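A.B. asks:
In the working numbering, the protein residues as written are 312 to 666.
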């Protein structure tokens, strides 16, 4: 019997999942036990629950898998600070000591926590986007499928297109930090007064209160002409002159955004005027446009009839509805000769580029 424990911890929404001989037998989120919303602590309660649910002891576990590679993530932080220097000095001073003291020793920290629950086995560190892709493809009913993963950022990757076939997942295309659709959406979440990494669903819910007015169309134009350069294949570049998340403590450079859109960032719990509703409508529309282009590219690259979605942006159920309505994966006429140009994809670009 091969038993694999998968864990996510120390960022947001800690959780644990248990596979026995390749079959998912139990999974749980730590917040369900601690009652702390988006609990990021080590998922000790979740692990205890799934072991009990599966009637398995800690000594039965063959492998433990953590959801990302901390060393590569640290590399990305260092390269980012170097690229944007001298900007980001304050953020660097705060972040690097924490990494040197704790996060670089993630294996040791995890082992100490696991030993408390009687688990002493090999710990594996798959890449973040591979973890996302696996979480979508392997539980799906498909033997073969295109896999689109879109989130904020893993180690370097922010958007990946892969193909899953039987037990294998092959990466085909990758977009890299700081160019991220998830972080773009989070930037608007922040500007509209919601909490990043938890309030994105509120921004999606706010969008229908916007109207397809001239003001909204102007916001869409501003976004496309100033914040993001979208290519035909769904790849894109963000104009980092307007974003602070790469090296700062905020998502946006508020002064520049206020000049663009004509109103300041909304204070949390502040009044929701029509401008914010229309802004939410605009970024939701742009997000859906990019995702549809990415899905089209995934179809072209894989020639699959099945599609699975993963990553935080894949939780945007409104966009998912648009993807389903497009019937892209029920149509024919795509072939491998129509593959998209590679020059827009990884490495694309590890540094901030204005346009």
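All residues carry an ideal CB built from backbone N, CA and C; glycine is no exception. All values derive from a computational prediction rather than experimental measurement.
1. Am I right that residue 561 and residue 555 are in contact with their C-beta atoms under 8 Å? What's the rounded C-beta distance?
2. Using three-state DSSP, classify residue 480 as helix, strand or coil.
3. Rounded to whole angstroms, what is the Cα-Cα separation between residue 537 and residue 315?
4. Check residue 320 in the structure and name its three-state DSSP category.
5. Report buried or exposed for residue 396, applying the criterion of at least 16 other Cβ atoms within 10 angstroms of its Cβ.
6. For the alpha helix (DSSP H) that residue 597 lies in, which residues bound it at each end?
7. Roughly how many whole angstroms lie between the Cα atoms of residue 640 and residue 412?
8. Quick one: measure Cβ to Cβ for residue 587 and residue 577, integer angstroms, because I've assumed they're closer than 8 Å.
9. Rounded to whole angstroms, how far is the Cβ of residue 439 from the Cβ of residue 378, which I believe are closer than 8 Å?
10. Could you name each continuous alpha helix (DSSP H) segment of 4 residues or more that falls completely within the region 495 to 577, going from the start of the chain to the end?
11. For residue 500, I'd like the list of residues in its chain whose CB is within less than 7 Å of its CB, leaving aside the five on either flank, ordered along the chain.
12. How would you write the range of the beta strand (DSSP E) that residue 377 sits in, first residue to last?
13. Taking the alpha-carbon of residue 309 as reference, which of 478, 581, 477, 599 has the nearest alpha-carbon?
14. Can you tell me which of the three DSSP states residue 629 falls into?
15. Residue 633 to residue 601, Cα distance in whole Å?
16. Output needed for residue 429: all residues of its chain with C-beta closer than 8 Å, excluding positions within five of it in sequence on either side, in chain order.
17. Using CA coordinates, which residue listed in 540, 474, 358 is at the minimum distance from residue 424?
18. If you drop the 5 nearest sequence neighbours on each side, which residues of the same chain put their C-beta closer than 7 Å to that of residue 596?
19. Between which residues of its own chain and residue 317 is the CB-CB distance below 6 Å, once the five residues before and five after are set aside?
20. Have a look at residue 366 and residue 360 and give me their C-alpha separation to the nearest angstrom.
21. Return helix, strand or coil for residue 487, following the three-state DSSP convention.
22. Using only the alpha-carbon positions, how far apart do residue 455 and residue 525 sit?
23. To the nearest whole angstrom, what separates the beta carbons of residue 466 and residue 404, a pair I think is in contact under 8 Å?
24. What are the partner residues of residue 474, as DSSP defines its beta bridges?
25. Is residue 334 helix, strand or coil by DSSP?
26. Spatial neighbours of residue 616 within its chain, please: C-beta separation below 7 Å, excluding the five flanking residues on both sides.
27. What are the boundary residues of the beta strand (DSSP E) that residue 428 is part of?
28. Output the boundary residues of the beta strand (DSSP E) element that contains residue 620.
29. Alpha carbons only, please: which of 407, 433, 447 is nearest the one belonging to residue 473?
30. Name the two residues that bound the continuous alpha helix (DSSP H) containing residue 409.
31. Below 6 Å CB to CB, which residues in the same chain sit around residue 349 once its five sequence neighbours on both sides are set aside?
32. Taking the C-alpha atoms as reference points, what is the distance between residue 564 and residue 399?
33. Cβ of residue 486 within 8 Å of Cβ of residue 470?
34. Taking a contact to mean a Cβ-Cβ separation below 8 Å, would you say residue 435 touches residue 374 in this structure?
35. So with Cβ pairs under 8 Å, would you call residue 387 a contact of chain C?
36. Below 7 Å CB to CB, which residues in the same chain sit around residue 477 once its five sequence neighbours on both sides are set aside?
C.D. replies: According to the structure data:
1. Position 250 of the chain shown, counted from the start, is the residue given in the question as residue 561. Position 244 of the chain shown, counted from the start, is the residue given in the question as residue 555. At roughly 5 Å, the Cβ-Cβ gap stays under 8 Å, so residue 561 and residue 555 are in contact.
2. Locating residue 480 in the chain shown gives position 169, where the first residue counts as 1. Correct three-state label for residue 480: strand.
3. Taking the first residue of the chain shown as 1, we reach residue 537 at position 226. Taking the first residue of the chain shown as 1, we reach residue 315 at position 4. Those two C-alpha atoms are separated by around 46 Å.
4. Along the chain shown, read from residue 1 onward, the residue named residue 320 stands at position 9. Residue 320 falls in the coil class under three-state DSSP.
5. As a working mapping, residue 396 is identified with position 85 in the chain shown. Burial call: exposed.
6. Reading the chain shown from its first residue, position 286 is the one you call residue 597. Unbroken alpha helix (DSSP H) run through residue 597: 585 to 613.
7. Counting from 1 along the chain shown, the entry for residue 640 is found at position 329. Counting from 1 along the chain shown, the entry for residue 412 is found at position 101. Residue 640 and residue 412: Cα-Cα distance of roughly 48 Å.
8. The residue you call residue 587 lines up with position 276 of the chain shown. The residue you call residue 577 lines up with position 266 of the chain shown. Cβ-Cβ separation between residue 587 and residue 577: approximately 6 Å, consistent with a contact (criterion under 8 Å).
9. Counting from 1 along the chain shown, the entry for residue 439 is found at position 128. Counting from 1 along the chain shown, the entry for residue 378 is found at position 67. Right, the Cβ-Cβ distance comes to about 6 Å (below 8 Å), so this counts as a contact.
10. Within the region 495 to 577, the complete alpha helix (DSSP H) runs of at least 4 residues are 511 to 517, 525 to 533, 565 to 572.
11. As a first step, residue 500 is located in the chain shown; it is residue number 189 there, counting from the start. Around residue 500: 507, 510, 511, 514.
12. Position 66 of the chain shown, counted from the first residue, corresponds to residue 377. For residue 377, the uninterrupted beta strand (DSSP E) run begins and ends at 374 to 377, by DSSP.
13. No answer is possible for residue 309: it lies beyond the span of the chain, which begins at 312 and ends at 666.
14. Numbered from its first residue, the chain shown carries residue 629 at position 318. Of the three classes helix, strand and coil, the one that applies to residue 629 here is helix, per DSSP.
15. By 1-based counting over the chain shown, the position of residue 633 is 322. By 1-based counting over the chain shown, the position of residue 601 is 290. Each residue's Cα considered, the two are about 11 Å apart.
16. Position 118 of the chain shown, counting from 1, holds the residue named residue 429. For residue 429, the CB contacts under 8 Å within the same chain, skipping 5 residues up- and downstream, are 368, 369, 370 in chain order.
17. Mapped onto the chain shown, residue 424 falls at position 113. With distances taken between CA atoms, residue 424 lies nearest to 358 out of 540, 474, 358.
18. The sequence position of residue 596 within the chain shown is 285, counting from 1. Cβ neighbours of residue 596 beyond the five flanking positions: 531.
19. Position 6 of the chain shown, counted from the start, is the residue given in the question as residue 317. Counting only Cβ-Cβ distances below 6 Å, and skipping sequence neighbours, we find 328, 376.
20. Locating residue 366 in the chain shown gives position 55, where the first residue counts as 1. Locating residue 360 in the chain shown gives position 49, where the first residue counts as 1. The straight-line gap from Cα to Cα measures roughly 10 Å.
21. Counted from its first residue, the chain shown places residue 487 at position 176. Looking at residue 487 - three-state DSSP - the assignment turns out to be strand.
22. The sequence position of residue 455 within the chain shown is 144, counting from 1. The sequence position of residue 525 within the chain shown is 214, counting from 1. Each residue's Cα considered, the two are about 44 Å apart.
23. One-based indexing of the chain shown puts residue 466 at position 155. One-based indexing of the chain shown puts residue 404 at position 93. Not confirmed; about 23 Å, so no contact.
24. On the chain shown, position 163 is the one that residue 474 refers to. In DSSP, residue 474 forms a bridge with 457, 481.
25. Counted from its first residue, the chain shown places residue 334 at position 23. If DSSP states are grouped into helix, strand and coil, residue 334 belongs with the strands.
26. Along the chain shown, one-based indexing puts residue 616 at 305. The beta carbon of residue 616 is closer than 7 Å to those of 640 in its chain, skipping five residues each way along the sequence.
27. In the chain shown, the residue the question calls residue 428 occupies position 117. Counting along the chain, residue 428 falls outside any beta strand (DSSP E), and DSSP gives it neither H nor E.
28. The sequence position of residue 620 within the chain shown is 309, counting from 1. Element bounds for residue 620: 618 to 621.
29. Start at 1 with the first residue of the chain shown, and residue 473 comes out as number 162. Per the Cα distances, 447.
30. Counting from one through the chain shown, the residue named residue 409 turns up at place 98. Counting along the chain, the alpha helix (DSSP H) containing residue 409 begins and ends at 400 to 412.
31. Position 38 of the chain shown, counted from the first residue, corresponds to residue 349. A distance below 6 Å between beta-carbons, with the five flanking residues on each side excluded, links residue 349 to the following residues of its chain, in chain order: 323, 324, 509.
32. Taking the first residue of the chain shown as 1, we reach residue 564 at position 253. Taking the first residue of the chain shown as 1, we reach residue 399 at position 88. Near 13 Å, if we compare the C-alpha coordinates of residue 399 and residue 564.
33. As a working mapping, residue 486 is identified with position 175 in the chain shown. As a working mapping, residue 470 is identified with position 159 in the chain shown. The Cβ-Cβ distance between residue 486 and residue 470 falls below 8 Å.
34. Here residue 435 corresponds to residue number 124 of the chain shown, with the count starting at 1. Here residue 374 corresponds to residue number 63 of the chain shown, with the count starting at 1. Between residue 435 and residue 374, the gap from beta carbon to beta carbon is short of 8 Å.
35. Of the protein chains in this structure there is only one, and it is not chain C.
36. Stepping through the chain shown from its first residue, residue 477 is reached at position 166. So the qualifying residues of the chain are 454.
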